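Asks: Pasting in a structure now, in structure tokens, and then I'll have a few things to ask.
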Amino acid sequence: MRTLTIHPSDNVEVDLDTGHKKAKRDIKKGETVIKYGCPIGHATRDIKKDETVHTDNLKTNLDTTLSYTYEPVACELVSRGELYFDGYQRYDGSVGVRNELWVIPTVGCVNETAKKIAEAAGGYVYTHPYGCSQLGDDHLNTQEILRGLVKHPNAGGVLVVGLGCENNTMDSFVSMLGDYDSRRVKFLVCQDCGDEIAAGLELTDELKAVMADDVRVPCPTSKLRVGLKCGGSDGYSGITANPLVGRFSDRLISHGGCAVMTEVPEMFGAETLLMARAESREVFDDIVSLINNFKRYFESHGQVIYENPSPGNKAGGITTLEEKSLGCTQKSGSSPVRGVIKLGISGDAAADSISGGGLYLLDGPGNDMVAVTNLTAAGCQIILFTTGRGTPLGAPVPTVKISTNARLAAKKPHWIDFDASPILDGIGFDELTDRLLDYVLSVANGAQTRNEVNGYRDIAIFKDGVTL
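Using our numbering, the final residue of the sequence shown is 468, and nothing's skipped along the way.
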């Protein structure tokens with residue numbers, strides 16, 4: 001049996017053939033179980049050496065909101081100079097890695113109309129059930145997500161389709177868009193015209209005429225914003241794919257780029273590691289608010305904070321939320337946290353909250369569809385999505401699926417773009433990070449990811465309130 005001890009202080013080791021944990025020594029009932037050098041829960045009974053440590057003998061230590069102390073640690077930020085990729089320059093200084101036509105409904109009532117227009121025009125449509133019968137934060141969050149899509153640099157042209165009587169009126173939506181390129185964003189209110197399909201196609205023809213002149217030009221990596229996400233995690237996630245993405249994140253930042261990590265509930269139990277890397281006391285306070293506000297969200301609905309991992313995670317060897325979070329947050333690498341992005345719920349526009357390169361944390365749940373939507377709305381042109389169980393899900397932007405194990409890569413080559421499992425066979429992190437960086441730059445230059453080839457592109461908008 002091949003095993004791996006991740007940290008010298010761990011009292012469990014990973015069975016590399018299964019991804020599950022084994023006790024390195026006898027562990028007494030009530031004793032803290034250590035993995036990644038950190039607590040992942042406590043033993044619910046005596047555990048013998050070499051016994052599997054999982055749901056029948058391990059329980060979380062997590063409970064409610066906490067008080068935190070600002071205890072910063074030094075984070076070395078290496079500067080390597082900028083690299084370049086060929087992208088599409090936009091009027092506001094942003095850069096797209098794609099030049100696509102997007103059709104975006106303001107309200108679910110016109111989803112099918114938007115689909116027909118997009119299909120006839122050769123574009124992509126992003127449907128959702130919202131835009132009406134929402135109040136307060138939910139209504140604002142829908143507008144902010146749609147705003148982020150309309151202004152996304154990967155869209156060379158956008159047709160916004162409304163009905164005419166919804167809460168998210170076209171006038172109010174245009175007002176909250178702020179500055180936008182009127183040559184590339186057009187608006188259609190279906191109740192105001194006769195044949196809405198014909199009217200929509202006239203507008204998409206105008207957009208495509210503008211896009212026809214767009215060409216790729218060399219752009220620096222300081223214009224690249226990459227989202228970090230994991231889903232369908234397993235016992236290998238914190239050993240292969242997530243730490244690999246963390247090293248990629250550090251490398252991208254060293255070249256002036258920006259990395260954005262979300263999934264706040266999957267920071268619970270590892271949040272102090274992120275807080276210690278806060279660039280300033282203000283950022284530390286923002287991370288504390290990010291964590292505790294999401295815990296209060298759970299409590300406001302009468303739900304326990306630690307109702308995680310998922311059944312698939314457990315089948316893959318992850319037992320507690322602390323264990324999942326310690327593996328999940330490895331995607332953040334070791335760079336300082338420059339800021340927290342509060343999307344929609346706070347009224348802040350995430351796309352305007354990022355100033356320069358570095359690592360940012362984005363508000364939002366761990367749900368895969370919501371998370372990739374939030375990352376897209378925050379302006380990420382590419383998303384790195386690690387997975388041990390596998391998923392075909394794709395965002396509106398290129399979604400690079402990175403497998404944690406060789407079995408998944410072999411079984412689902414039509415889902416997986418990059419395999420991190422060679423780390424288990426002795427391939428060094430530095431070599432594999434170089435390969436991943438080269439691959440991501442090739443995607444930025446136009447290479448298609450599996451979600452793009454398959455045509456898998458979805459959005460889901462977070463909802464927390466009353467429906468009228």
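Ideal placement from N, C-alpha and C gives every residue a C-beta, glycine not left out.
Remember, predicted model here, so these are calculated numbers, not experimental data.
Return yes when the Cβ of Val372 is within less than 8 angstroms of the Cβ of Leu359, no when it is not.
Replies: Taking the sequence shown and counting its residues from 1, one reaches residue 359 at position 359. Taking the sequence shown and counting its residues from 1, one reaches residue 372 at position 372. It is not a contact, given that the beta carbons lie outside the stated cut-off.
Asks: Sorted by chain position, which residues of the same chain lie with C-beta nearer than 7 angstroms to Gly347's C-beta, five sequence neighbours on each side aside?
Replies: Within the sequence shown, residue 347 is the residue found at index 347, counting from 1. Below a pLDDT of 50, predicted positions are generally treated as unreliable, and Gly347, at 38, falls in that range; the measurement from the model is reported next regardless. So the qualifying residues of the chain are Leu140.
Asks: Is DSSP giving Cys219 helix, strand or coil here?
Replies: Counting from 1 along the sequence shown, the entry for residue 219 is found at position 219. Looking at Cys219 - three-state DSSP - the assignment turns out to be strand.
Asks: Should the stretch 244-258 be regarded as contacting the stretch 414-434, the criterion being three or more beta carbon pairs within less than 8 angstroms?
Replies: yes
Asks: Under 8 angstroms Cβ to Cβ from Ala199, same chain only, skipping five residues before and after it: list those, please.
Replies: By 1-based counting over the sequence shown, the position of residue 199 is 199. In the same chain as Ala199, and ignoring 5 residues on each side of it, the C-beta atoms closer than 8 angstroms to its own belong to Leu188, Cys193, in chain order.
Asks: Assuming Val14 contacts Lys21 under a Cβ cut-off of 8 angstroms, what Cβ separation, rounded to an integer in Å, is found between them?
Replies: For the purposes of this step, residue 14 is taken as residue 14 along the sequence shown, with counting starting at 1. For the purposes of this step, residue 21 is taken as residue 21 along the sequence shown, with counting starting at 1. With 8 angstroms as the limit, Val14 and Lys21 qualify as a contact, their Cβ atoms being about 6 angstroms apart.
Asks: So, for Gly312: in the same chain, excluding its five sequence neighbours on each side, which residues have a beta-carbon less than 7 angstroms away from its beta-carbon?
Replies: Position 312 of the sequence shown, counted from the start, is the residue given in the question as residue 312. Within the same chain, Gly312 has close Cβ partners Gly232, Arg389.
Asks: Cα-Cα, which of Glu112, Thr221, Pro336 is closest to Ala444?
Replies: For the purposes of this step, residue 444 is taken as residue 444 along the sequence shown, with counting starting at 1. Among Glu112, Thr221, Pro336, the Cα nearest to that of Ala444 belongs to Thr221.
Asks: Counting only the same chain and skipping the five closest in sequence on each side, list residues whose C-beta sits under 6 angstroms from that of Ile345.
Replies: As a position in the sequence shown, residue 345 is number 345, starting the count at 1. Low local confidence applies: a pLDDT of 43 at Ile345 is under 50, so the model's placement there is unreliable, and no value is given.
Asks: Which residue marks the beginning of the beta strand (DSSP E) containing Ser403, and which one marks its end?
Replies: Locating residue 403 in the sequence shown gives position 403, where the first residue counts as 1. Ser403 -> beta strand (DSSP E) spans 399-403.
Asks: Taking buried to mean at least 16 other C-beta atoms within 10 Å of its own C-beta, is Arg475 buried or exposed?
Replies: Missing from the structure shown is residue 475; the chain here goes from 1 to 468 and no further.
Asks: Given the structure, does Ser355 come close to the ligand SAM, in the sense that its CB is under 7 angstroms from one of the ligand's heavy atoms?
Replies: The ligand SAM is absent from the structure shown, which contains no ligands of any kind.
Asks: Could you tell me the distance, in whole angstroms, from the CA atom of Gly366 to the CA atom of Asp434?
Replies: To locate residue 366, count along the sequence shown from 1; it is residue 366. To locate residue 434, count along the sequence shown from 1; it is residue 434. Each residue's Cα considered, the two are about 28 angstroms apart.
Asks: Assuming Lys229 contacts Thr272 (C-beta within less than 8 angstroms), just tell me the rounded distance between them.
Replies: On the sequence shown, position 229 is the one that residue 229 refers to. On the sequence shown, position 272 is the one that residue 272 refers to. Not quite, the Cβ-Cβ distance comes to about 22 angstroms (not below 8 angstroms), so this is no contact.
Asks: Go through its chain and collect everything with a Cβ distance to Val95's Cβ below 7 angstroms, but skip five positions before and after it.
Replies: Numbered from its first residue, the sequence shown carries residue 95 at position 95. The answer, listed in chain order, is Gly87, Tyr88, Gln89, Pro153, Cys219, Lys223.
Asks: Drop a sphere of 10 angstroms on the beta-carbon of Tyr130, count the other beta-carbons inside from all chains shown, and report buried for 16 or more, exposed for fewer.
Replies: One-based indexing of the sequence shown puts residue 130 at position 130. That one is buried.
Asks: Quick check on the DSSP output: what are the complete beta strand (DSSP E) runs of length 3 or more inside the stretch 173-256, in order along the chain?
Replies: 185-189, 217-220, 225-230
Asks: Between Leu441 and the rest of its own chain, which residues show a CB-CB distance below 6 angstroms, the 5 nearest in sequence each way excluded?
Replies: What you label residue 441 is simply residue 441 of the sequence shown in a count that begins at 1. Only Phe85 meet the Cβ criterion.
Asks: Alpha carbon to alpha carbon, how far is Leu163 from Ser172? Give it in angstroms, no decimals.
Replies: The count along the sequence shown starts at 1 and reaches residue 172 at position 172. The count along the sequence shown starts at 1 and reaches residue 163 at position 163. Straight across, the Cα-Cα distance linking Ser172 with Leu163 is about 13 angstroms.
Asks: According to the Cβ coordinates, are Thr319 and Gly37 closer than 8 angstroms?
Replies: To locate residue 319, count along the sequence shown from 1; it is residue 319. To locate residue 37, count along the sequence shown from 1; it is residue 37. No, Cβ-Cβ distance for Thr319 and Gly37 is not below 8 angstroms.
Asks: Would the beta-carbon of Thr65 fall within 8 angstroms of that of Lys295?
Replies: As a working note, residue 65 is residue 65 in the sequence shown. As a working note, residue 295 is residue 295 in the sequence shown. Cβ distance < 8 angstroms, so Thr65 and Lys295 count as in contact.
Asks: At the level of alpha carbons, what is the spacing between Ile104 and Thr113?
Replies: Position 104 of the sequence shown, counting from 1, holds the residue named residue 104. Position 113 of the sequence shown, counting from 1, holds the residue named residue 113. When rounded, the distance between both Cα atoms is 10 angstroms.
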